[in-house]
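Sequential numbering from 140 applies to the sequence shown in the numbering used here.
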Amino acid sequence: MKTMLTVGDLNLGSYYLGRGRNGNVALWDGDVFLVACSVPQRRLTDDGKIVYGPDRRAEMKREGHFDTEYGCFQPFVEINEGKGIPYQDERRSSLYCESLVV
């Protein structure tokens with residue numbers, strides 16, 4: 140069982156698995172979590188009302204670290220992104236790898 144990580148436990152630029160209002164995976168930017176989520180498309184009607192349609196789009200939301208007074212994201216585990224083993228062929232992009240050690 141994992142307990143919630145404190146702000147002092149977090150590493151800048153790391154991804155975390157947790158629980159949030161908008162999603163359960165987030166990137167810590169040193170101030171807030173950036174959470175990728177899917178939100179319903181909304182539009183304004185002629186009479187000024189906002190209506191939500193069935194279509195969704197990807198969006199980034201900013202969520203503070205959870206505490207008893209405020210906050211939206213509870214980080215529990217830092218995600219290990221692993222270490223990429225590069226391709227032997229140097230012509231391939233350095234952004235990708237032949238395999239990943241986790």
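Cβ coordinates follow ideal geometry from the N, Cα and C atoms, glycine included. These numbers come from a predicted model, not from an experiment.
Which residues does DSSP list as the beta-bridge partners of Gly159?
Residue 159 sits at position 20 when you count from the first residue of the sequence shown. Phe212.
Measuring straight from C-alpha to C-alpha, what distance separates Glu242 and Gly221?
Summary: the structure shown does not reach residue 242, with the chain confined to residues 140 through 241, and so no result is reported for it.
Spatial neighbours of Tyr209 within its chain, please: C-beta separation below 7 Å, excluding the five flanking residues on both sides.
Locating residue 209 in the sequence shown gives position 70, where the first residue counts as 1. If we look at Tyr209 and ignore the five residues flanking it on each side, its Cβ neighbours are Gly203.
Any idea which residues DSSP pairs Phe172 with across the strands?
One-based indexing of the sequence shown puts residue 172 at position 33. Per DSSP, Trp167 and Glu202.
Around the C-beta of Tyr155, are 16 or more other C-beta atoms found within 10 angstroms, so that it is buried, or is it exposed?
Taking the sequence shown and counting its residues from 1, the one referred to as residue 155 is at position 16. So Tyr155 ends up on the buried side.
Would you mind giving the Cβ-Cβ distance between Gly157 and Asn163, rounded to the nearest angstrom? I have them listed as a contact below 8 Å.
Numbered from its first residue, the sequence shown carries residue 157 at position 18. Numbered from its first residue, the sequence shown carries residue 163 at position 24. Right, the Cβ-Cβ distance comes to about 6 Å (below 8 Å), so this counts as a contact.
If we ignore side chains and look at the alpha-carbon of each, how far apart do Ile189 and Val171 end up?
Mapped onto the sequence shown, residue 189 falls at position 50. Mapped onto the sequence shown, residue 171 falls at position 32. Each residue's alpha carbon lies about 28 Å from the other.
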